[in-house]
Amino acid sequence: MGEPVGPLAPEVPVFRELDATTAARISTEAKALQPWLVDLRRHFHRHPELGWREVATTARIVEELSQLGYEVVSGKDFLGDTPRLGLSREPIPGEGDTGCIAIHDTGRPGPTVCLRVDIDALPITEATTGHVPADAGYASTVDGVMHSCGHDGHIAIGLGVARLLRPMLAGGFGKLKLLFQPAEEGVRGANSVVAAGWMDDVDLFAAIHLGLGVPSGSVAFGVHGFLASRKYAVLLTGRAAHAGKAPEEGRNALLAACQMVPGLHALAQSSARGVRINVGVLEAGKAVNIVPEKARFELEMRAETNDALDRLERRCLRLIASMAEAHEVEHATVLRGRSGAWRNPNDFVAWASGIDRMLGTFPSVLTDHPFGAGEDATTLAGAVDRRGGKAGIIVLGADLVGDHHTPEFDFDENVLWQGVQLLTALTAGAMEIV
Numbered sequence: 007m008g009e010p011v012g013p014l015a016p017e018v019p020v021f022r023e024l025d026a027t028t029a030a031r032i033s034t035e036a037k038a039l040q041p042w043l044v045d046l047r048r049h050f051h052r053h054p055e056l057g058w059r060e061v062a063t064t065a066r067i068v069e070e071l072s073q074l075g076y077e078v079v080s081g082k083d084f085l086g087d088t089p090r091l092g093l094s095r096e097p098i099p100g101e102g103d104t105g106c107i108a109i110h111d112t113g114r115p116g117p118t119v120c121l122r123v124d125i126d127a128l129p130i131t132e133a134t135t136g137h138v139p140a141d142a143g144y145a146s147t148v149d150g151v152m153h154s155c156g157h158d159g160h161i162a163i164g165l166g167v168a169r170l171l172r173p174m175l176a177g178g179f180g181k182l183k184l185l186f187q188p189a190e191e192g193v194r195g196a197n198s199v200v201a202a203g204w205m206d207d208v209d210l211f212a213a214i215h216l217g218l219g220v221p222s223g224s225v226a227f228g229v230h231g232f233l234a235s236r237k238y239a240v241l242l243t244g245r246a247a248h249a250g251k252a253p254e255e256g257r258n259a260l261l262a263a264c265q266m267v268p269g270l271h272a273l274a275q276s277s278a279r280g281v282r283i284n285v286g287v288l289e290a291g292k293a294v295n296i297v298p299e300k301a302r303f304e305l306e307m308r309a310e311t312n313d314a315l316d317r318l319e320r321r322c323l324r325l326i327a328s329m330a331e332a333h334e335v336e337h338a339t340v341l342r343g344r345s346g347a348w349r350n351p352n353d354f355v356a357w358a359s360g361i362d363r364m365l366g367t368f369p370s371v372l373t374d375h376p377f378g379a380g381e382d383a384t385t386l387a388g389a390v391d392r393r394g395g396k397a398g399i400i401v402l403g404a405d406l407v408g409d410h411h412t413p414e415f416d417f418d419e420n421v422l423w424q425g426v427q428l429l430t431a432l433t434a435g436a437m438e439i440v
C-alpha cells in the first residue's frame, strides 16, 4: 500500500458544474425511484451474505445491471487471480469470486468516473422484538448474519444510480464504472480491486456511506479521520506433551500467546496519539491435561496516519517474533485486512458542496466530520489519488435506530433516493451530462 497502481495520468478536468435543468431532472426522477429502492433494500436485508460469500447478492446485482444494458464483469473475470485477504480457513465453494463492476463507455473523450458501493453483511443475529425489519417482515432470513452497517442501502443506492444514469449517458462524455465491492468488513475487498487494475484509469472516484452519526437531512463532504488499519492472524506452533508427567518436554503455544497479547496492547500506550491495538480472538488447546501445541489469535492495529501505522506494525511483528523465540515456538503472521488513512481534499469538498447547492436537498452540509473508523474505500481513493486523479468519500446523513454493527441497527429509508440523487448529480457534472 502506498505504491502507485498505474502510470501517473495527465490531469483530466472532473470538477465541472451541473446544468440547472439536469439537476432538476435528476431530483424528480430520483424521488420517483423511492418505492423501488425500498423494495430493493428490503430484499437485500432479508438475504444478507458475509464478505467474499455474496453469491446470491452478486447474482441479483448482475441481473439488474445487465437488464439496464451495462457491460458487467463478474465472477472469476472480476478479480482474476489477485490475492484475497481474509478468506475462510476451510475452502467454501464460490468464496472469493463475488462482487462485480458495470461499465459504460460513451465513446467520447472525457473522464473515467468510478462510483463504489459495498455489498457484504456482518456475523450478527438480528433483533426480533421492537425492531422495524422484524415487525414489517423483512428481517434477515439467515441465522447469525445481518446487514447491520447499511450496506443493503448502499446496494440499493448503487442500483438506483445505475438505473437513473443509463439513459442520460447518451449525452455525456467519458466512461462510467459502477463498482459493487465485496468484503468491505474487515477491510479486505478493496485491496483485490486495486490489484486487479480497476482503478488504473480512474480520474474521479466517489464512495458513499450512510449514517455514522450524521442525521437525516445532512450530508458530510469534509470527511476526515479515516483510521489506517491492518489485521493479522497470528499462528503459533509448539510441541504437545503430558501436562503432569513431562510438561518440560512441551512447548506451550498458549502460554506464548498469553504473553504476547498484553505485550501487544502495551505498545499502544507508548505509540503515537490515536493508535489502537486490539486482540479480539484467541484460540488454543484441546484438553486440560495436554500442553497446548497450537494457538491462534487475531490482531487489529489502527492509527491516524499511514506512517504511524507502519511504525506500529513493525513493533508488533518484532514483539511477536521475539516472544516466539523466547518460548521456542514457531510463528506465522497472515495479513487478513488493510486500509489506509484518508482526508477528503478541499477541492473535492468545494465541488461536491457546489453540486449539492444546485440540488437543494440537504439543509445541513458538514465540512468538518471525523469518520473515526476504518473503511477500505480509502484503499480505492488512495490508489486514484496516487495516479493524479480526484477522490472523495461522502457520509450520507441517516437517522439510525441502534448503532452500526448491533442487532438493533436500522436506518431511515427516506435517504435512499437522496443518495441516488447526489451520486447521479456528481457523475452528471463530471461527465458533462445535459
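Residues in the sequence shown are numbered from 7 upward in steps of one, following the working numbering. In this text, a Cβ means the ideal position worked out from N, Cα and C, and glycines have one as well. As the structure is a prediction and not an experimental result, all values here were calculated from the model.
- Proximity of the segment 338-358 to the segment 383-399 meets the contact definition, three or more beta-carbon pairs being nearer than 8 Å.
- In this model, glutamate 55 and glycine 86 are separated by some 21 Å (Cα to Cα).
- Annotation: glutamate 414 is outside any alpha helix (DSSP H) and is labelled neither H nor E by DSSP.
- Under DSSP, the beta-bridge partners assigned to phenylalanine 232 are Trp348.
- DSSP places threonine 384 in the helix class (H, G or I) of the three-state scheme.
- Looking from the CA of glutamate 381, the closest CA among Pro89, Ala38, Thr28 and Asp126 belongs to Asp126.
- Closest option to proline 139, judged by alpha-carbon separation, among Ala65, Arg308, Gln427 and Phe417: Phe417.
- Within the model, the alpha-carbon separation for leucine 315 versus methionine 266 is close to 19 Å.
- Listed as beta-bridge partners of alanine 290 by DSSP are Ala301.
- In the same chain as isoleucine 326, and ignoring 5 residues on each side of it, the C-beta atoms closer than 7 Å to its own belong to Val240, Met266, His337 and Thr339, in chain order.
- Per the coordinates, the alpha-carbon of proline 413 lies some 6 Å from the alpha-carbon of threonine 131.
- Each of Ala246, Leu261 and Asn284 was checked against the Cα of alanine 272, and the nearest Cα belongs to Asn284.
- Serine 94 sits in coil when the DSSP states are folded into three classes, being neither helix nor strand.
- Just so you know, the alpha carbons of valine 200 and serine 72 end up roughly 24 Å apart.
- Counting of Cβ neighbours within 10 angstroms places proline 117 among the buried residues, the total reaching 16 or more.
- Taking 4 residues as the shortest admissible run, the segment 27-71 contains the following complete alpha helix (DSSP H) segments, listed from N- to C-terminal end: 40-52.
- For phenylalanine 211, the beta-bridge partners assigned by DSSP are Cys120 and Ala397.
- Around the Cβ of asparagine 295, a 10 Å sphere holds fewer than 16 other Cβ atoms; the residue is exposed.
- For cysteine 106, the three-state secondary structure derived from DSSP is strand.
- Contact between the segment 368-379 and the segment 187-205 is absent: fewer than 3 CB-CB pairs across the two stretches fall below 8 Å.
- Look at arginine 245 here: in three-state DSSP terms it is strand.
- Shown here for leucine 74: same chain residues with a beta carbon closer than 7 Å to its own, the five before and five after excluded, namely Ala168, Arg169 and Arg172 in chain order.
- Between the C-alpha atoms of alanine 247 and aspartate 103 there is a straight-line separation of about 42 Å.
- Note that the C-beta distance between methionine 364 and phenylalanine 179 is not below 8 Å.
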